[in-house]
Structure formats: C-alpha cells, structure tokens
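Written out below as structure tokens is the structure these notes cover.
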Amino acid sequence: MGASLSASTWDIDRTEQAKRAVALVFAANGLALGSLLSRTPAVKSGLGLSASLLGLLLVCMSIGALASLPAAGAVVHRLGTARSVVGSAAAETTGLLLASFGLGLGSVALTGLGLVAMGFGNGLWDVSMNVEGAAVERLLNRTVMPRFHAGWSLGSVAGAGIGALCAVSGVGLVPQLIATAALLVPLVGFSVRRFRPVEVETSEEAGQARSRSLLLRAWRDRRTLMVGLMVMAFAFTEGVANDWLAVAFVEGLDSSETVGAIGFGVFVTAMTLSRLTGGAVIDRWGRVSVLRGTAILAAVGVTLVILAPAPLLAIVGAFLWGLGAALGFPAGMSAAADDPGRAALHVSVVGSIGYTAFLAGPPLVGFLGDAFGIRQALTVVLGALVVALSTSTAARPLELPGRRGTSPI
Numbered sequence: 280m281g282a283s284l285s286a287s288t289w290d291i292d293r294t295e296q297a298k299r300a301v302a303l304v305f306a307a308n309g310l311a312l313g314s315l316l317s318r319t320p321a322v323k324s325g326l327g328l329s330a331s332l333l334g335l336l337l338v339c340m341s342i343g344a345l346a347s348l349p350a351a352g353a354v355v356h357r358l359g360t361a362r363s364v365v366g367s368a369a370a371e372t373t374g375l376l377l378a379s380f381g382l383g384l385g386s387v388a389l390t391g392l393g394l395v396a397m398g399f400g401n402g403l404w405d406v407s408m409n410v411e412g413a414a415v416e417r418l419l420n421r422t423v424m425p426r427f428h429a430g431w432s433l434g435s436v437a438g439a440g441i442g443a444l445c446a447v448s449g450v451g452l453v454p455q456l457i458a459t460a461a462l463l464v465p466l467v468g469f470s471v472r473r474f475r476p477v478e479v480e481t482s483e484e485a486g487q488a489r490s491r492s493l494l495l496r497a498w499r500d501r502r503t504l505m506v507g508l509m510v511m512a513f514a515f516t517e518g519v520a521n522d523w524l525a526v527a528f529v530e531g532l533d534s535s536e537t538v539g540a541i542g543f544g545v546f547v548t549a550m551t552l553s554r555l556t557g558g559a560v561i562d563r564w565g566r567v568s569v570l571r572g573t574a575i576l577a578a579v580g581v582t583l584v585i586l587a588p589a590p591l592l593a594i595v596g597a598f599l600w601g602l603g604a605a606l607g608f609p610a611g612m613s614a615a616a617d618d619p620g621r622a623a624l625h626v627s628v629v630g631s632i633g634y635t636a637f638l639a640g641p642p643l644v645g646f647l648g649d650a651f652g653i654r655q656a657l658t659v660v661l662g663a664l665v666v667a668l669s670t671s672t673a674a675r676p677l678e679l680p681g682r683r684g685t686s687p688i
C-alpha cells in the first residue's frame, strides 16, 4: 500500500474530505461498541450471569483484539487502509450479529464467540483507521489525530444514547444490535470511498514490507516498544476510569449511583474536550511536552479522587483525570506512524502493547479493591502515570528526509 502522497497529487479539498471520512469511521467504531456496552445489564440478565461471569464474557472482546493486532499491520500494508477497514468492519458486524443471536437463544458460548469476532474485527479496524488518520495528519501538516479519537468518543456516546433510548422504550437488545449492524455497513462503505487512493509499490522494499521478517523487525524497534509502553500506561489510566470510576464514587464516597454516573460523565466529557482541542495544543507546545504535562495533570486528578473527602472535590479530580488521560493514545498512534513506510506495522505493535492494559487493568484493580478498598486500589494508576511520564520522550517526532514543515507534532 502507498503510505503517503505528496501535496501535488492530493489536493487540500480532497484531504479535508479524507479527514472527515476518517472521523466518521472512528465514530462508527465507537457507535458499535457503545451500542453493546451500554446494554451490559441486559446481557447479564438475559444470560443469567453473575458479575464475575459477565466480566469474563466481556474479556472475550479483548482476547479477539489481541489475536488480530499482531498481524494487523501486515494486513493493512498489503490491502491498504480502505479495504482493511471494510474487512474489519465486516468481521465486527458479523460478531455483533452472532452475539445478538447468542443472546436471543440464551447461549453464553455463541455470545462469547460473537464477542471474540467483534474484538478480532475491532483490532484490525483500530490499526487501519489510525494508519489512515496518521497519513491524513501528515498531509495536513498539523495534529488532527486527537480529533479523530474525539470522533470515536462521540460515536460511543451516540451508541450509548441509542442503547439507553431502546432500554427506556422497551426495545430488546437483540433487535437493537441487529439494527446497529445494519447501520454500520453503509456508513463504513460510504466513508472509505473518500480515503486516500492506494499507491502501487513496485520497489523491492514493498515486497519486503509484506514479509514476516519486517514485522518482527518492528517488534524489535526500541522506539516503537517504548511508545507502546507509553500508550499502555495511558490506556491503563483511561481504562481504569471507564471500569471503576463510578464504583469509586458509590462505594468509596458512599454516593448515590446518580452521583457515580455524574462523576463518570464528567470524566468522559473532559476526555472529549481534551481530544477536540489537543491537536492545537500539541502543535503549539510539542508532542513530548504535552504528554508530560497531561500525565502530571492526570496524576493530580487521580490523587484528588483517592483523597477527596467529599464527592464535589472528587468530581473535580475526575475532570482533571479525563483531561490528562485523553491524549496519550492518539499521540502515541501518531508517533508510531511517524515513518510512513512502516506506519501500519508500527501502529499494530503499539496497539498490541496498548491493548494489554484493557485486558489486565479491570481485574487487577478489582483484586486490589477487594483487598484494600476501591479508592485505595486506584493508587495503581499513579504508578502507570509514572511509566507514561518516563517513556514520553520516545514520542518525539522522527526526523525524516523530505518531511514537510517543522510542526512539533
């Protein structure tokens, strides 16, 4: 696949169209997950699961993602981003349909298989859209990756809204998931038509890019591994809040479930605001400086949530936590894609490392919460932020021959 195009072959108007298309693909991905995850109580009751069994069932998605991510870079390199997005969306849609059939039949096994397929498709989809986003970012010569991830957040909020509306209206989970799957197909198909055109590589290096040895080389690249470690630390920081912040308000501060929902909503709002504005901040101050600053900001927020004597101060902490956690993943993906000729491979490596946080984080905090209390268990996030702070230098932009501009992204 062609990893980059010059301004002379790809005009600004069409690049703006590609930017909007990438944002729509990010939103579609968020919509699919938000639609399902917003109805987890219905999954639990429909299958008659305990809380622990529901947790194990949801891990199926992470298992599927971790299965596809290591090879996703090679797939994207061979097929191009547009075809990879279509294929991965088809896999995720198939998984969504399988899960809905499993729920309709009351089959835990079929539902779990559907979630594995969803995760498998989502892993490839994640790499594909981030590679395309990074290429568009290079053409625009300004940081836009955080806005793409904000699009994902908005899509997940829309999916959650659809789920809430269906729940209130008495619409079952199965028809909701089938309708979501039917919506994804035309949405993704429409969007990828506005992706950059695929260039045909004829050099010997293009053939080597498809080889297993080049993928292994990406896994041995020290900078890529350090960026992956940084992304994992920020992903852990984000994931713990997604899974445990509302619980910390309810159990740690003796608040109502409404206050817990408000605290989580404040966190998500702060994440979205940070991603919408983060590109301009990175362009102004530089990628490394912003990552260091946001890691410190998140640490202050986490500390407030842990130590706050009252919910109001903890809500302020949740806001700072969201602001600080938001930019690590998108900035890490931009860093992984700095070399356009290796973007797909390096993004897949960074994504594989980062996704381990979503697999390991929830049970780790749950175990610590049982032993020491949920707010005290959040202290582990501060350790992750120390890792993020110490590895952020790896995200410094590569100096490549012929790179346009001097943007500090």
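The opening residue of the sequence shown carries number 280 in the numbering used here; numbering runs sequentially from there. Built from N, CA and C at the ideal position, the CB exists for glycine as well. As the structure is a computational prediction, the values presented were derived from the model and not from experiment.
Practice item. Would you mind reading off the limits of the alpha helix (DSSP H) that contains Glu-411? Key: Judged by DSSP secondary structure, Glu-411 falls within the alpha helix (DSSP H) whose first and last residues are 387 to 419.
Review point. Three-state secondary structure (DSSP) at Pro-687?
Key: Unreliable positioning characterises Pro-687 in this predicted model, as indicated by a pLDDT of 42, which lies under 50. A coordinate reading is not provided.
**Study point:** Given Leu-394 as reference, the closest of Pro-476, Leu-315, Asp-618 once Cα atoms are compared
**Key:** Comparing C-alpha distances from Leu-394 to each of Pro-476, Leu-315, Asp-618 shows the shortest one belongs to Leu-315.
**Study point:** With 16 other Cβ atoms within 10 Å as the buried cut-off, status of Ala-488
**Key:** Note that Ala-488 has pLDDT 48, beneath the 50 cutoff, so the model's placement of it is unreliable and no number is given.
**Study point:** Nearest residue (CA-CA) to Phe-528, options Ser-627, Ala-368, Leu-592, Ala-443
**Key:** Of Ser-627, Ala-368, Leu-592, Ala-443, the residue nearest in Cα terms is Leu-592.
Practice item. Indicate the three-state DSSP secondary structure (helix, strand or coil) for Ser-669 in the structure shown. Key: Residue state, collapsed to three classes: helix.
Point to revise | Cutoff 6 Å; reference Asn-401; Cβ partners in own chain excluding five residues on either side | key: Closer than 6 Å at the Cβ level, and outside the excluded window around Asn-401, lie Ala-344, Glu-371.
Point to revise | Where Asp-533 falls, given that 16 or more other Cβ within 10 Å makes a residue buried | key: Exposed: under 16 other Cβ atoms inside 10 Å.
Practice item. Quick one: grab the DSSP three-state call for Ala-350. Key: Looking at Ala-350 - three-state DSSP - the assignment turns out to be helix.
Check your understanding: Nearest CA to the CA of Val-567: which residue from Thr-658, Thr-294, Gly-633, Pro-676?
Key -> Closest by C-alpha distance to Val-567, out of Thr-658, Thr-294, Gly-633, Pro-676, is Pro-676.
Review point. So what does DSSP say about Asp-522, is it helix, strand or coil?
Key: Here DSSP, grouped into helix, strand and coil, assigns Asp-522 to helix.
Practice item. Quick one: grab the DSSP three-state call for Thr-294. Key: Helix.
Practice item. Excluding the 5 residues preceding and the 5 following Gly-684 in the sequence, name in chain order all residues of the same chain whose CB lies nearer than 8 Å to its CB. Key: Its pLDDT being 42, under 50, Gly-684 is placed unreliably in this model, and the coordinates cannot settle the point.
Review point. How is Val-423 classed by DSSP in three states: helix, strand or coil?
Key: Coil, per DSSP.
Practice item. Determine the extent of the alpha helix (DSSP H) in which Phe-528 is found, giving its start and end residues. Key: Judged by DSSP secondary structure, Phe-528 falls outside any alpha helix (DSSP H); it is assigned neither H nor E.
Practice item. Out of Ala-623, Phe-305, Met-340, Leu-328, state which residue places its alpha-carbon closest to the alpha-carbon of Trp-498. Key: With distances taken between Cα atoms, Trp-498 lies closest to Ala-623.
Exercise for review: Identify every run of the alpha helix (DSSP H) within the region 622 to 654, keeping only runs that are complete inside it and at least 4 residues long; order them along the chain.
Suggested key: Correct list: 622 to 651.
Practice item. Inspect the beta-carbon positions of Phe-305 and Met-408 and report whether they are closer than 8 Å. Key: Cβ atoms of Phe-305 and Met-408: closer than 8 Å.
Check your understanding: For the alpha helix (DSSP H) that Leu-677 lies in, which residues bound it at each end?
Key -> Boundaries for Leu-677: no alpha helix (DSSP H) harbours it, and the DSSP string shows neither H nor E there.
Review point. Do three or more CB pairs link the region 622 to 641 to the region 421 to 433 at distances below 8 Å?
Key: As far as the Cβ criterion goes, the region 622 to 641 does not touch the region 421 to 433, which means the pair count is below three.
Review point. Ile-653 to Gly-596, Cα distance in whole Å?
Key: Whole-angstrom Cα-Cα distance: 16 Å.
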